[in-house]
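Here's the structure we're looking at; comments come further down.
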Amino acid sequence: MPLTIIKRDEPWKWGALVIFLGALLFCLAVSAALLAGQGKDALHGLYVLWLGSFGNLWALEGALLKAIPLFLCSLGVAVAFRMQIWNIGAEGQFALGAIGATWMSLLFPDLPRLILLPLMFMMAFLLGGIWAFIPAFLKLKLRVNEIISTLMLNYIAILLLDFLVFGVWKDPASFGFPMTPEFTQGAIIPTIGDSRVHWGLLFCLIVGVGLWAFMRFTRLGFELQASGEGARVAKYAKIRYGMLVMFVMFLSGGLAGWAGCVETSAILNRLQPSLMVGYGYTAIVVAWLARLEPLNIAFASFLLAALRVGVENMQLELQIPAAFGVIMEGIILLTVLAGQFFLLYKLERKHSS
Amino acid sequence: MWEFLIPLFAATVQSGTPLIYATLGEIMTERGGVLNLGVEGIMSISALVAFWISFTTGSPWLGFLGAGLAGMVFASLHAFVCISCLGNQVVSGLALTIFGVGLTHYLGVPYVGLHAPGFTPFDFPLLSQIPVLGDVFFKHDMLVYLSFVVPFLFWFFFKRTSLGLHVVATGEMPAAAAAAGLRPIALRYFAVVSGGFLIGLGGAYLSLAYTHLWTNGLSGGRGWIAVALVIFAFWRPGRAVAGAYLFGGVMAFQLRLQAMGTHLPSSLLLMLPYILTILVLILSACFGRRIEAPAALGTNIEPEG
Amino acid sequence: MSELMFVRPVSVRSLPEGTQPVVSLKGVTKRFGKVLANESITMDVYPGRIKALLGENGAGKSTMMSMLAGRYCPDEGHIEVDGKPVRFTSSKDAIAAGIGMVYQHFMLVDCMTVAENVLLGQEGTFFINPREMKKRVGELAEAYGLDIDPAARISDLSMGERQLVEILKLLYRESRILIFDEPTAVLTPEETNKLFEALWRMTEQGKSIIFISHKLEEVIALADEIAILRRGRLEGELDPSAITSKSELASRMVGKEVILEVNRKTVEISEPVLEIRHLTGLGLTDINFRVRKGEIVAVVGVAGNGQKALVEAVTGLCKPPANTVFIMQQPWRKFFAESTWNRSMCYIPEDRLGLATLRNQNMVDNLLLTTRKGFSNGPWLNKKRAEKDTLKLIKKFDIRPGKIHALAWQLSGGNLQKAVLARELYREPRFIVAEQPTQGLDVSATEEVWNRLLDARDISGILLVTGDLNEALQLADYIAVMYRGRILGMLPTSEEATSGKIGPLMAGVTD
Chain A
480 MPLTIIKRDE PWKWGALVIF LGALLFCLAV SAALLAGQGK DALHGLYVLW LGSFGNLWAL
540 EGALLKAIPL FLCSLGVAVA FRMQIWNIGA EGQFALGAIG ATWMSLLFPD LPRLILLPLM
600 FMMAFLLGGI WAFIPAFLKL KLRVNEIIST LMLNYIAILL LDFLVFGVWK DPASFGFPMT
660 PEFTQGAIIP TIGDSRVHWG LLFCLIVGVG LWAFMRFTRL GFELQASGEG ARVAKYAKIR
720 YGMLVMFVMF LSGGLAGWAG CVETSAILNR LQPSLMVGYG YTAIVVAWLA RLEPLNIAFA
780 SFLLAALRVG VENMQLELQI PAAFGVIMEG IILLTVLAGQ FFLLYKLERK HSS
Chain B
598 MWEFLIPLFA ATVQSGTPLI YATLGEIMTE RGGVLNLGVE GIMSISALVA FWISFTTGSP
658 WLGFLGAGLA GMVFASLHAF VCISCLGNQV VSGLALTIFG VGLTHYLGVP YVGLHAPGFT
718 PFDFPLLSQI PVLGDVFFKH DMLVYLSFVV PFLFWFFFKR TSLGLHVVAT GEMPAAAAAA
778 GLRPIALRYF AVVSGGFLIG LGGAYLSLAY THLWTNGLSG GRGWIAVALV IFAFWRPGRA
838 VAGAYLFGGV MAFQLRLQAM GTHLPSSLLL MLPYILTILV LILSACFGRR IEAPAALGTN
898 IEPEG
Chain C
197 MSELMFVRPV SVRSLPEGTQ PVVSLKGVTK RFGKVLANES ITMDVYPGRI KALLGENGAG
257 KSTMMSMLAG RYCPDEGHIE VDGKPVRFTS SKDAIAAGIG MVYQHFMLVD CMTVAENVLL
317 GQEGTFFINP REMKKRVGEL AEAYGLDIDP AARISDLSMG ERQLVEILKL LYRESRILIF
377 DEPTAVLTPE ETNKLFEALW RMTEQGKSII FISHKLEEVI ALADEIAILR RGRLEGELDP
437 SAITSKSELA SRMVGKEVIL EVNRKTVEIS EPVLEIRHLT GLGLTDINFR VRKGEIVAVV
497 GVAGNGQKAL VEAVTGLCKP PANTVFIMQQ PWRKFFAEST WNRSMCYIPE DRLGLATLRN
557 QNMVDNLLLT TRKGFSNGPW LNKKRAEKDT LKLIKKFDIR PGKIHALAWQ LSGGNLQKAV
617 LARELYREPR FIVAEQPTQG LDVSATEEVW NRLLDARDIS GILLVTGDLN EALQLADYIA
677 VMYRGRILGM LPTSEEATSG KIGPLMAGVT D
């Protein structure tokens, strides 16, 4: 009995969740196979992964910490993707945000926290935003493909960061290591109570809710979503498409910039190359898995952050390379993309005549 | 002057070669109407496969072919997600890059720092005797010589074979191809998978000829530059070669400057190819008459009936 | 009413006793999801005859023919060629069986040459020689007396020439059964005439022709036999010589009495809402005309003669030269800088899904698309009120399915157009630009759209751009005929002679 493809009359309601869970299972299966292929005990490996991700409070805190920059980057990616602007430059915008924050902290080390931190956030948003604004401008004025320009700017941003920490910003007392001096207390986001989790979490909550409300209840948010169906519709509806693209990219870059600021200030307390661990790319995976919805992004970024923490645990205990986590991200995303086929179509047995 | 320029141009040809393979592979893919942003991932993994096969069997040629096959396998993942499952081509390509680069880092760990037998340069009979040109173009390894031939084969394929015509028709208007009795789905698979083969060869060059040593991050963004070069080349093989050598030139120049020990920080020098990519896109938007991409590029073929 | 000049060389040809059909459909059924597109259709096609397939838009004509052409597979029943059952899995099988189809939207690759298009899939060898291909196609064109350059690129050809390429494709494949899906929609009356003569010649060579149309006069003029399709079912087949009146044929096609004319009450005409003065540029040459409140001005012409540019210039999608376009008595730039969301201009585009509506959004968001300023309060948007008004409009215009959560792509063509119309009229426009407002709609939806537009004259002036002459004659006060970016004539519909003048003007004949 051959199968035929039939278009659904209504999109499949719980399909997205089913597909996501299916993809997760598939990804775990492939990961297990990869482990087995390297001569490791696959089940034990997955158990170590689980322990590392969700096994105890320490792990959960770690996941939460990593979820914070992922969440912010991912929100940025999602607003741009909503408009079908393919901003894959979150990594570079993240770096620029970190540079901006560091710049302020090095410039005014002695300011009180209540002034210095807002200053750092502002500069991070500004630089991250400008970094994303460049491709937006080039796209609108010269029709330069934004996928490539944002990506090239990632490489440039990382090299710029290297240039700074190897050169002008290098800590004289670092024994030649490429890093800036440690931030003063005023430039560091404090932790919440006795936990390792810092107040950036609250900041995420505010930004997330704000963005959700913006998309849902404001005219500009509506125009942004409408433009996602194409520049022509936008023009038909007298939406100022060009302005909106530049605004959205600035916002998108600014959010990634904030992520960079939070990460440098709260986690590393200084600028150094090890800051760049690919949050900007994982953010794309998160945004797409979350179907670009802010609430889903919160869940998805926590999940992928937990995966990262779990893989770190595997790295320690089983000497599995860190790239293992990246592979899992890639597989989940590919599987979900393939599975989304079933949201609009279904397979049916052919009625043979 | 010549003492500086000839080695520079020769190095240009060397650094340009992987870009020629990868760019032609991406042109093939896009001519069939599919955008494949997984070039970087495919190049990485196929470089590793080439290294691994050459390392274990001792035959660089087997490694070269194996890399092509690996390219085909990875490209067919993209083909399956986009062509059969109608997944978003941009995101699928990104996912493929994430996956491919990750897998390379994961599987490549045991080989870091090891040497594998690769292709070695030799003087091409007769042609290497030509003054200047001989030194620049004909004192390389086999894969470079092969890269001189591939663009012509490529041109021939699109201009002089029916299959080439069918691929173009599928990239421009799949419905028209279907109405003419062709199978656009199969043709798109063909374009993506054969494009993947060429991209894989580009990866093989990196680990078997450009260097014989395995390091992580060998492709270093070359896959993305290839994607940009496709736009610069307006989907034509001839311009692709020119673009590839332009980038090869900048990379070679940048390495040369570093080797000569300038006081410019290396991070600034390393930025050059990436800045050039953006500049090249700006220039081709400003000047070149606007030649449009294949009309159906990036859109999926929805199933009927 | 129409400009059809074709006169068949002989009267309806009778079918010789004992002729075997070349193609038969036997109880063919095709479903798309819940929609039954074709229901147990049985039909024969005979050699050397022209069979017209008459039916409304959405009656299932194209689906039925796409099954013959191998694009779709029947769910039930089967197709027979020369009395033997066949199963087509792709166009390739149908081509091999001698069935060829010219689709309504031409299946030509714009960037390739005529020769490459004709030979696509039929090259015969793996290696090809462009010069030889051109020669082969050139000879073929010459043999059939078709005037076309095999080296020309499709993008440089007119619609009429493109159709010739499509016909060449079928001739090259030696198709015995040629299917034409609404072939006259893009042709001038002159070109239509030529096409009909060519079709007739082909039948004399023994080829069978299936001619799909919803234009009654064409069908009566050309066909040897007429099959009527209604709501996916074959309503019956008849002999054109037995037809007594057009309205009889029309009512069989629609299944109810059809009012082929609308009642147009006179409306007071007042100030101009659109004035175009010496507009040159954007592919247009010296356009001058105006539309006043209370009147409808129709712009007609063969597709691709500048209508698109005119509409884009008027609606703000592209920018005309300064001081050429005045809307509501303001210069273009000032009007678009200051225009409000309501009591202003609205535009009902041809492209309903993708330009006029948000494909993947629901009815409320689609209402908000152009009316959002009416629901905003500072930066905020009042979605509650928008929902209420959407419900009201759905009721008033009877848009189905009557749910506000229905997405635009789920609506049928007629309902989508009603939704667009409802939204645009909600803005109480003073000036409406309506582009092909009834294209692809069935008769009842067409009637409704026509009446809504006529009623709208109370508050606004209307610029109607249409390819349907009947629509222009029914609705408009004046008809402007466009040809190659110029308006060749502005004809009042109140004069009897107007309908006769349009055809020659559309072909560029001015005397």
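Residue numbers (my numbering), protein chains in the order written: chain A, 480 to 832; chain B, 598 to 902; chain C, 197 to 707. Even for Gly, the Cβ is constructed at its ideal location relative to N, Cα and C.
Check	Outcome
Could you tell me if S262/C is buried or exposed, where buried requires 16 or more neighbouring beta carbons within 10 angstroms of its beta carbon?	buried
Beta carbons nearer than 8 Å to chain C: which residues of the stretch 734-759 of chain B have them?	K756, R757, T758 and S759
At a CB-CB cut-off below 7 Å, which residues of chain C make contact with G835/B?	In chain order: nothing, as chain C lies at least about 18 Å away.
Please name the residue, chosen from M722/A, V724/A, L747/A and G759/A, that lies closest to G736/A on a Cα-to-Cα basis.	G759/A
Could you please give the first and the last residue of the uninterrupted alpha helix (DSSP H) stretch that includes D585/C?	K579 to F593
Hey, is the stretch 831-838 of chain B in contact with the stretch 747-765 of chain B, meaning 3+ C-beta pairs nearer than 8 Å?	yes
Does the stretch 494-514 of chain A come into contact with the stretch 809-823 of chain A, if we say contact requires no fewer than three beta-carbon pairs (one atom in each stretch) closer than 8 Å?	yes
Pairs of beta-carbons, one from the stretch 691-699 of chain C and one from the stretch 514-524 of chain C, closer than 8 Å: are there three or more?	no
Could you give the C-beta distance for S628/A and L878/B, rounded to a whole number, given that I count them as a contact under 8 Å?	7 Å
Kindly list, in the order they appear in chain D, the residues whose Cβ is closer than 7 Å to that of R209/C.	The structure shown contains no chain D; the protein chains it does contain are A, B and C.
Using a Cβ-Cβ cutoff of 9 Å, what residues of the stretch 608-635 of chain B are near chain C? List them in chain order.	none
Can you name the start and end residues of the alpha helix (DSSP H) that M598/B belongs to?	Here M598/B belongs to no alpha helix (DSSP H), and DSSP marks it neither H nor E.
Is any heavy atom in the ligand GDP found nearer than 7 Å to the beta carbon of H702/B?	What this structure holds is no ligand at all, so the ligand GDP is not there to describe.
What do you get for W537/A, buried or exposed, if any count of 16 or more other CB atoms within 10 angstroms of its CB means buried?	exposed
How far does the beta strand (DSSP E) with N484/C in it extend, from its first residue to its last?	L480 to R488
By alpha-carbon positions, which one of G490/C, T476/C and I275/C ends up nearest to N484/C?	T476/C
What in chain C is Cβ-close to L779/B, meaning under 9 Å?	S286, S287, K288, L316 and G317
Exposed or buried, which one is Q632/C when buried takes at least 16 other CB atoms within 10 Å?	buried
Between the beta-carbon of I639/B and the beta-carbon of V805/A, is there less than 8 Å?	no
Residues in its own chain within less than 6 Å of S832/A by CB, not counting five upstream and five downstream?	Residue confidence for S832/A is low, a pLDDT of 41 falling below 50, so the modelled location carries little weight; the figure read from the coordinates is stated next. Answer for S832/A: no residue qualifies.
For N647/C, count the other beta carbons within 10 Å of its own beta carbon; 16 or more makes it buried, fewer makes it exposed. Which is it?	exposed
Got a sec: is the Cβ-Cβ distance from A817/A to anything in chain B below 8 Å?	yes
Starting from Y824/A, trace the alpha helix (DSSP H) both ways and give me its first and last residue.	It is not in any alpha helix (DSSP H) - Y824/A instead sits in the beta strand (DSSP E) that spans Y824 to R828.
Report the rounded CA-to-CA distance for G317/C versus V333/C, giving the unit in angstroms.	14 Å
With three or more C-beta pairs closer than 8 Å as the rule, is the stretch 656-668 of chain B touching the stretch 799-816 of chain B?	yes
Step through the CB atoms of chain A and report whether any lies within less than 8 Å of the CB of T874/B.	yes
For V733/B, which of L873/B, E899/B, V610/B and P707/B has the nearest alpha-carbon?	V610/B
Exposed or buried, which one is A839/B when buried takes at least 16 other CB atoms within 10 Å?	exposed
Throw me the rounded Cβ distance for the N587/B and G715/B pair, which I believe falls under 8 Å.	Any property of residue 587/B remains undetermined from this structure, which presents chain B solely from 598 to 902.
For the pair the stretch 461-469 of chain C and the stretch 267-287 of chain C, tell me if three or more CB-CB distances fall below 8 Å.	no
Relative to chain B, which residues along the stretch 608-640 of chain A have a C-beta separation below 8 Å, given in chain order?	L617, L621, R622, V623, N624, I626, I627, S628, L630, M631, L632, Y634, I635, L638 and L639
What's the C-alpha gap between I295/C and A233/C?	21 Å
Sorted by chain position, which residues of the same chain lie with C-beta nearer than 6 Å to F652/B's C-beta, five sequence neighbours on each side aside?	A713
Quick one: which chain A residues come within Cβ less than 7 Å of L564/C?	F701
If we define contact as Cβ-Cβ less than 8 Å, is E708/A a contact residue for chain C?	yes
What did DSSP end up calling Y842/B once you bin it into helix, strand or coil?	helix
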